[in-house]
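Since the structure comes first, as structure tokens, the remarks are kept for the end.
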Amino acid sequence: MARSANDKKGLLSEEALTKFRVELLVKGTIVIGSQTLFTQDELARINQLQAEIPEEEVRLGDAGDSHNVFVKRVRVDPPGRSPSNVDGAAPRQIIDLLERKERGFALKTILGASSDYVIRRCQLHRMPPGSFVGIHLDAESDPDFEYSVIVQLAQEFEGGEFVVYPSAYEQQVFRPPFGAVLVTTCRLRHEVKPVSAGERRSLVYFCSKRSGTNRRVIESSTSGHEAS
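In case it helps, this note's numbering puts the sequence shown at residues 1 to 228.
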């Protein structure tokens, strides 16, 4: 596959990948600039495909955490089952786009993997005014979640900051611009603050080196809620 103009700017250079990798190791969360991992055409294609996927409102997370967000499922991993795409052509095409070779190579290197990462879950979030995602830990949904990759799909909104809590006394606040990608470890609690104006939209997918069944049902005696 030929490299795009953006690739020539250094995303796939050893220096750039090392920088992102070190920052992720130190901070637990990084932001990769707009049109670096995803081109404008790819963002437009995601927006086109998502229109074909049904939407549901989610108010309760897997660990009993409170949310108020609209979700479109692309790939799911219910407890005790292996990851699988939702029915329809659009989810499959979105996964194919996410797994394109050069993007996969860049992410694998940034995440420090010696083998390819698997997308265990993927979904789109729409957050009109008043929407929020409560404080939660991604690994409580699936113990094999290692990193989440969040692609920002909107720009005309206020509020909706992504806040990570590395400790009880520390917080990191992020507001990635349109087209930017936020990568964060699934081992830190985080939330999305309420949206006050406009509409926040994003695509979120969870990466792991393990492709088998979701072990949460085995490791926990509590029954899980719908993933959020």
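Idealized CB from N, CA, C, for every residue including glycine.
Bridge-paired residues (DSSP) for residue i
i, result
"A197", "E158"
"Q172", "V164"
"P79", "N214"
"R73", "Q123"
Of the listed residues the options, nearest to residue i (C-alpha basis)
i, options, result
"V149", "E140, A106, Y169 and F132", "A106"
"L24", "V74, V163 and L111", "L111"
"E14", "E161, S84 and T109", "T109"
"I30", "D144, R201 and A180", "A180"
"Y117", "V164, L137, I95 and G134", "I95"
"K193", "S208, G134 and G33", "G134"
"A89", "E102, I53 and H67", "I53"
"D138", "T36, Y205 and Q40", "Y205"
"R59", "Q172, M127, F178 and S208", "M127"
"G212", "E57, V26, P83 and G28", "P83"
"E56", "Q48, N47 and H67", "H67"
"F132", "S34, E199 and I32", "E199"
Element boundaries [alpha helix (DSSP H), containing residue i]
i, result
"L43", "Q40 to Q50"
"E102", "K101 to I110"
"T18", "E14 to K27"
Where the beta strand (DSSP E) through residue i begins and ends
i, result
"R120", "V118 to M127"
"T185", "V181 to T185"
"I135", "F132 to H136"
"I53", "No beta strand (DSSP E) holds I53; DSSP gives it neither H nor E."
Other residues of its chain near residue i: CB distance less than 8 Å, five sequence neighbours each side excluded
i, result
"A197", "P129, F157, E158 and G159"
"R21", "T109, I110, L111 and G112"
Contact set for residue i: own chain, Cβ-Cβ below 6 Å, skip 5 residues either direction
i, result
"R210", "D144"
Contact check, residue i vs residue j, beta carbons under 7 Å
i, j, result
"H125", "V195", "no"
"R81", "R121", "no"
"Q50", "K19", "no"
"L153", "R100", "no"
"H190", "V164", "yes"
"L37", "R92", "no"
"F178", "Q155", "yes"
Neighbourhood of residue i by C-beta distance below 7 Å, restricted to the same chain and skipping five residues each side
i, result
"N214", "D77, P78, P79, G80, R81 and D142"
"E42", "L97"
"R187", "A139"
"P166", "G28, Q172 and L188"
Residue i Cβ short of 6 Å to the ligand ADP heavy atom set
i, result
"A90", "Among the ligands in the structure shown, none appear at all, so the ligand ADP cannot be discussed."
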